[in-house]
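Numbering (my numbering), first residue to last: 277 to 419.
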């Protein structure tokens with residue numbers, strides 16, 4: 277295969293992967309997983325993005341320092357709500373320390389595409405709520 281053919285193939289593969297990740301995000305936006313509120317929760321935390329109006333409320337239960345359940349309720353753009361859905365699936369059965377160690381690079385890998393600064397803030401909303409709720413839970417447990 278010639279170099280130009282390799283370049284065309286690589287570009288087509290990248291385009292296909294981007295389309296796949298966009299489809300995954302749209303599916304999570306249209307059919308959110310773990311959407312709702314847990315009434316008898318161990319933690320509850322909300323985050324808002326004042327610049328765009330996105331909101332995410334995370335509630336969850338913890339058993340032996342492991343996330344047993346996480347539900348979210350929110351409103352906003354595709355990125356903020358789809359990321360909340362993806363994250364709620366990902367953190368099930370993870371330790372509190374594993375969840376607290378997650379960062380923007382983990383979210384970008386989960387989303388599967390680079391985001392600009394504004395969209396990155398949207399994607400980080402659910403992680404900030406989740407980690408804030410866990411920190412509050414840990415603070416209450418230590419007193």
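Where a beta carbon is used, it is the ideal one built from N, C-alpha and C, also for glycine.
- Under the three-state reduction of DSSP output, residue 359 falls in the helix class.
- In this structure, residue 343 sits near residue 370, with a CB-CB distance shorter than 7 Å.
- Distance between residue 331 and residue 308, taken at the CA atoms: about 15 Å.
- Counting along the chain, the unbroken alpha helix (DSSP H) around residue 396 starts and ends at 393-418.
- By a beta-carbon distance limit of 8 Å, residue 365 contacts residue 310. Their separation comes to about 7 Å.
- Listed in chain order, the non-local C-beta contacts of residue 383 below 8 Å within the same chain comprise 359, 363, 399, 400, 403, local neighbours out to five positions each way being set aside.
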